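Start counting at 1 in the sequence shown, then tack on 28, and there's your number in my numbering. Note that the Cβ used here is the ideal one computed from N, Cα and C, for glycine as well. Values in this document were obtained by computation on a predicted structure and should not be read as measured data. First up is the structure itself, then whatever we jot down about it.
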Amino acid sequence: MKTRKVFIVLFIILLIETSGCSNEDIIRADRIVVEKRITETNVYKPINEIDDKSEIQNVKDILDIINWENVMVQMVRFPDYKFYFENFNEESQSDRLTYHLWISPNKDKIELVIESKSKYIQLNKEKSIELFKIIVGKKLTEIK
């Protein structure tokens, strides 16, 4: 009987630990769709679709380790790029997170915003270069 109680307590602790550590924004995706701003207004066109599982996982890994700031930001211009994860099994697109991406004036860093979540981050140079290369398929320095 005592062993059973210990087992139940351990099981409850395990449940609390796993549910407490779960990410509220778990990203499930079959593809990443990337759009580029084509005018000075808020008009975008699709420029890239990423289907490679390892590249999708790399993007997820980068986004998972970011320490997002919970803040509503007002940028001076529309995002340079937008990207989102597409899951072919999802019927609704209303819950989909769209990541807005700005290139810094020095073209060495990127800033990301998840508008629907009021989250913001400016990535360091290393992560900016890595994420931009995967998302856009070009180096940051190649952008005009």
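DSSP places residue 76 within a strand segment (E or B) once states are collapsed to three. Between the beta-carbon of residue 132 and that of residue 143 there is about 19 angstroms, and that puts the pair past the 8 angstroms contact cut. The beta carbon of residue 159 is closer than 7 angstroms to those of 87, 90, 138, 151 in its chain, skipping five residues each way along the sequence. For the 8 angstroms CB-CB criterion, residue 111 and residue 62 form a contact. Rounded to the nearest whole angstrom, the C-alpha separation of residue 149 and residue 166 is 21 angstroms. Residue 147 has its alpha-carbon roughly 24 angstroms from the corresponding atom of residue 78. Per DSSP, the unbroken beta strand (DSSP E) holding residue 111 starts and ends at 109-114.
Residues 62, 165 of the same chain have their beta carbon placed closer than 6 angstroms to that of residue 76, with the five preceding and five following residues left out of the count. DSSP places residue 155 inside the alpha helix (DSSP H), whose first and last residues are 153-164.
The beta-carbon distance between residue 135 and residue 169, rounded to whole angstroms, is 6 angstroms. This is short enough to meet the 8 angstroms contact definition. Close CB contacts of residue 57 within its chain, under the 7 angstroms cut and outside five residues either way in sequence, are with 84, 113, 114, 115 (chain order).
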